[in-house]
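Numbered by the working numbering, the letters in the sequence shown go through residues 71 to 245 in order. We treat Cβ as the ideally placed atom computed from N, Cα and C, and that holds for glycine. Here is the structure we will look at, set down as structure tokens.
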Amino acid sequence: MPFNVEDFTGEIAKLGLASPNKFEVEIFYPGGFSTKSLNLMCETASIGGRTVQSMLDIQYGIRREIAYGAPQYTPLSLTFLCSEKMEQKKLLDQWNNSIVNATVSQKPFNVAYYDDYKGTIKVKKLDKEGNKVLEVEYLDAWPKTVSQVDLSHATTNTTLRVTCEFSYSYWKTDR
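Below is the structure:
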């Protein structure tokens, strides 16, 4: 069937187009508590992707790729605006440090138990009226990488940002 511009524009008029700037994030630390400081200051978020593991099936005849094993999930990357007191960076560093304590004074480099540092993150896609369209819940999430924050005398009237890459076991949606 050839491409029809009227059908295409009619479908957009009927369904609308999703806006990437309508979202909410809720971060639940280990133990289930949450903080507004990170939730409100989240500037960018992603909706997770997933890859099915596959291998080349080499048997007699046509060679084809087949699926096997559990899926692999892409890391969740969240970027936060930083307040004047750098509360967002401090909270993320504190959580990350609770996983592997790097302070020399208290048993350095001991890794915590998984159940003691995993949390949950919810990313909600909203429509233009603010109603939830899709919710993705990242289970057993923890901050794997907290980015550096670059300072510069050459930069003025700019807000500092910190990016955190979260690892998680899997995600589910609210179908």
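Could you tell me which residues DSSP pairs with residue i in its beta bridges?
i: S147; result: E235
i: Y183; result: BP columns for Y183 are empty, so no partner.
i: R120; result: Y143
i: E207; result: K192 and K242
i: S104; result: F98
By how many angstroms is the C-alpha of residue j removed from the C-alpha of residue i?
i: D210; j: K195; result: 21 Å
i: T149; j: D163; result: 14 Å
i: I97; j: W212; result: 10 Å
i: K157; j: D244; result: Here residue 157 is Glu; the residue named in the question, Lys, does not match the sequence. Approximately 31 Å between the Cα atoms of the pair.
i: K68; j: L110; result: Any property of residue 68 remains undetermined from this structure, which presents the chain solely from 71 to 245.
i: T233; j: I117; result: 15 Å
i: A172; j: P178; result: 5 Å
i: S104; j: V219; result: 23 Å
i: T79; j: F73; result: 11 Å
i: Y99; j: V216; result: 15 Å
i: Y240; j: L230; result: 30 Å
i: V181; j: K159; result: 21 Å
i: A83; j: P90; result: 18 Å
Taking the alpha carbon of residue i as the reference point, which residue from the options has its own alpha carbon closest?
i: E135; options: C112, E154, R231 and M125; result: M125
i: G86; options: S237, K198 and F236; result: K198
i: T144; options: Q129, R120 and M156; result: R120
i: T114; options: D127, Q123 and C152; result: C152
i: K92; options: L204, D77 and R231; result: L204
i: E207; options: S222, K84, L108 and E94; result: E94
i: G102; options: N167, T190 and K160; result: T190
i: K214; options: S222, L146 and T226; result: L146
i: I246; options: D77, K84 and S237; result: Because the chain in this structure spans residues 71 to 245, residue 246 falls outside the shown range and cannot be described.
i: V193; options: I82, C112 and G131; result: C112
i: G200; options: V75, I82, E81 and A88; result: A88
i: N166; options: K242, A83, E235 and E76; result: E235
Look at residue i and residue j and say whether their C-beta atoms are less than 9 Å apart.
i: L108; j: L161; result: yes
For this session: Report yes or no: do three or more beta-carbon pairs, one from the segment 126 to 140 and one from the segment 181 to 191, lie closer than 8 Å?
Result: In short, these stretches do not touch, since the Cβ pair count stays below three.
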